[in-house]
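Note that UniProt numbering has the sequence shown beginning at 1, numbered continuously upward. C-beta: ideal position from N, C-alpha, C; glycine also. The next block holds one structure in the form of structure tokens; read it before the comments.
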Amino acid sequence: MNAYEIRDGFGLDKLVRCERPDPQPGPFQVRVRVKATSLNYRDLMMVRGQYNPKQKLPLVPNSDGAGVVDAVGPGVTRVKVGDRVMGLFAQNWFAGEPTRASHTQTLGGPLDGALSDTMLLHEDGAVPTPAYLSDEEAATLPCAAVTAWSALVTQGALKAGDTVLLQGTGGVSLFALQIARMMGARVLLTSSRDDKLERARALGAHEGINYVNTPDWDKVARSLTGGVGVDHVVEVGGAGTLERSLRAVRTGGTVSVIGVLSGGAGAVPVTPILMNNLRVQGIFVGHRQSFEALNRAFTLHGIRPVVDRVFPFAEAHAAFEYLQSGAHFGKVVIRVD
1 MNAYEIRDGF
11 GLDKLVRCER
21 PDPQPGPFQV
31 RVRVKATSLN
41 YRDLMMVRGQ
51 YNPKQKLPLV
61 PNSDGAGVVD
71 AVGPGVTRVK
81 VGDRVMGLFA
91 QNWFAGEPTR
101 ASHTQTLGGP
111 LDGALSDTML
121 LHEDGAVPTP
131 AYLSDEEAAT
141 LPCAAVTAWS
151 ALVTQGALKA
161 GDTVLLQGTG
171 GVSLFALQIA
181 RMMGARVLLT
191 SSRDDKLERA
201 RALGAHEGIN
211 YVNTPDWDKV
221 ARSLTGGVGV
231 DHVVEVGGAG
241 TLERSLRAVR
251 TGGTVSVIGV
261 LSGGAGAVPV
271 TPILMNNLRV
281 QGIFVGHRQS
291 FEALNRAFTL
301 HGIRPVVDRV
311 FPFAEAHAAF
321 EYLQSGAHFG
331 KVVIRVD
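In structure tokens:
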């Protein structure tokens, strides 16, 4: 099998193409010939050594992958050879609350991930691919789309008529835009670039706020809701944007913390959380039940992921550099074969 490994330290220069023996599926395992893998900011952080500096190496990175089952081990009944599947991020989280064990079975660290032409999954961690999606599109769903769904639907109780504030135009934010519109919600979205705001409006965003020209975007968001505040913020920035998110949300509203693009450490303003009865929830992607619900909803509405660029397998480094640049609108994908 062909793969990329992080080896002998962290950094993009430590991401090395290699060959490994083809893995053989054990009991209840399936072998997937990977057709495509998408990049998440988590994957970039993993390569840099920022996500888990204690991660054991070598490691095949990338949490998201889609492909075709080409071999199954003893006892497998959920899938069969020839099935198109996607990998469940947390291989042992199927429903309900996560456990500490959920963090030990995640693809792309600590388990080997999808930047490879072959990967092993537990049969319970192989989710059927919606028939109408290409492998490149399907490869974008396991982390970004499920995270957005968990934030707004599984844990967010989003309802028609709510107002949602989204940050930027990366994968999670654009999936949240598509989900919010599907659910009948109003969408406000921030970006540093007017051209990206226009593209977001074309996807259904109702209002766009350029946070470079308008640093007080929280005040604009409140003004667009008649001074009440938005119902829900999908917070991808982290420490650098959390305080403004807390000021943008209405009394009794929800802030879903799912990213650390502007940093992961900082002082948390507790007073507005208490005084405004806010719900601040962390989102650790999501379980298989959420993934399956997302797939049913997307299939019913024919929703297609926003894929910005597709890189060939040989240009994996360029794909990471492109993600790192922040120039993307939607998902960055690597075609494996």
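Between which two residues does the beta strand (DSSP E) holding residue 281 run? 279-282
Please return the same chain residues whose Cβ sits closer than 6 Å to the Cβ of residue 197, not counting the five positions on each side in sequence. 191, 208
Opening and closing residue of the alpha helix (DSSP H) in which residue 371 lies: Nothing can be reported for residue 371: it is not among the residues displayed for the chain, which extend from 1 to 337.
Taking the alpha helix (DSSP H) that residue 65 belongs to, which residues open and close that run? From DSSP, residue 65 is part of no alpha helix (DSSP H) but of the beta strand (DSSP E) over 64-72.
Just to confirm my understanding: we take residue 319, look at its own chain, exclude 5 residues before and 5 after, and list those with CB closer than 7 Å. What are they? 39, 311, 332, 334
Would the beta-carbon of residue 200 fall within 9 Å of that of residue 158? No, they are not a contact pair.
Please state if the CB of residue 289 and the CB of residue 44 are separated by a distance shorter than 9 Å. no
Between 156, 81, 117, 66, which lies nearest to residue 5 when the distance is taken from Cα to Cα? Closest by alpha carbon: 117.
Using three-state DSSP, classify residue 2 as helix, strand or coil. strand
On the criterion of 16 or more Cβ atoms from any shown chain inside 10 Å, does residue 215 qualify as buried, or is it exposed? exposed
Where do the ends of the beta strand (DSSP E) carrying residue 308 lie? 307-312
Compute the distance between the beta-carbons of residue 125 and residue 87, then report whether it is under 9 Å. yes
Touching by the beta-carbon criterion (3+ pairs, under 8 Å), the region 62-76 and the region 152-167: By the C-beta criterion, the region 62-76 is judged not to be in contact with the region 152-167, since fewer than 3 inter-stretch pairs fall below 8 Å.
Can you round the beta-carbon distance between residue 256 and residue 234 to whole angstroms, since I take them to be within the 8 Å contact cut? 5 Å
Which ranges would you report for the beta strand (DSSP E) in the region 181-259 if only whole runs of at least 3 residues count? 186-191, 207-210, 230-235, 249-257
What did DSSP end up calling residue 262 once you bin it into helix, strand or coil? Caution applies to residue 262, whose pLDDT of 49 falls short of 50 and renders its modelled position unreliable; the value that the coordinates give is listed next. Three-state result, residue 262: coil.
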